[in-house]
Structure formats: structure tokens, C-alpha cells
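Residue numbers for the sequence shown follow numbering that gives the first Met the number 0, beginning at 0 and rising by one.
Built from N, CA and C at the ideal position, the CB exists for glycine as well.
Have a look at the structure below before the remarks.
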Amino acid sequence: MAQIFDAPSKAILRSQIAEHIAETDKNDKRELQAGEEPLPNDRFFDRELSWLKFNKRVLELAQDEDLPVIERASFAAIFANNLDEFFMVRVAGLKRRIDTGIAVTAASGLSP
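Laid out in C-alpha cells, this is it:
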């Protein structure tokens, strides 16, 4: 007969995930070789900030009076759809990581 195991509590899982992330992050740091310079901290772009900057450019196209109205309406629809997706997916994901305690600093150096 199959055994039924108790599922670990959410708090235990959260602490295990946080420990794993911290350990992995620690192991990723390595010693520099002779003559090697450290990589700059700002070498990566933040994904969410890049997404918002892109949406800003789309909104600027929607506001450009030199474009035909139908194209401006199309850009406005793209902007609205992207912004909706941003909040439903990206912001919700960030909030979920913060709530679970596994929010870590991104490769861009920014924290959630």
C-alpha cells in the first residue's frame, strides 16, 4: 500500500527556497584571475524597466499627430494591451516573490 507523506508547510518551503537561492548566489562569485578586471555592476538592463521604456515609446507613437489616426489607434491599443499584461504578469510576479520571501536582487543589481 502506498504511503502518504505530509506536505511540507509553506514556511518551510519558503525558507528552503531562500536558502537555495542565497547558496547559489554565493557559489556564483569567483576569484578574479591576474590582470582581469571585475565586470561593471550595471552591465545588465532591468527587464521590467526596459519593458516600461518600450511601452513609453509606443505611447509616444500613439500621440504623434504626424501619423494617420488608424495607426495612432493601433499604437494606443498595443500600449493598453502591453500595460495590462505588464501588471497582470510582471507586477503580480514581483508581488508574489516579495510575499513568499524569495525576492532576490536581479542581475541588473536592482531589488524588487
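- Spanning the alpha carbons of phenylalanine 85 and aspartate 98 requires a straight line of approximately 18 Å.
- The distance from the Cβ of asparagine 54 to that of leucine 93 is about 16 Å, inconsistent with a contact at the 8 Å cut-off.
- Using a Cβ distance threshold of 8 Å, isoleucine 69 and alanine 17 do not count as a contacting pair.
- Taking a 10 Å sphere around the C-beta of phenylalanine 44, we find fewer than 16 other C-beta atoms and assign the residue as exposed.
- The straight-line gap separating the alpha-carbon atoms of arginine 71 and arginine 95 is approximately 35 Å.
- Of all alpha-carbon atoms in Val57, Ala33, Arg89, the one lying nearest the alpha-carbon of alanine 76 is that of Val57.
- The beta carbons of phenylalanine 74 and alanine 91 sit no closer together than 8 Å.
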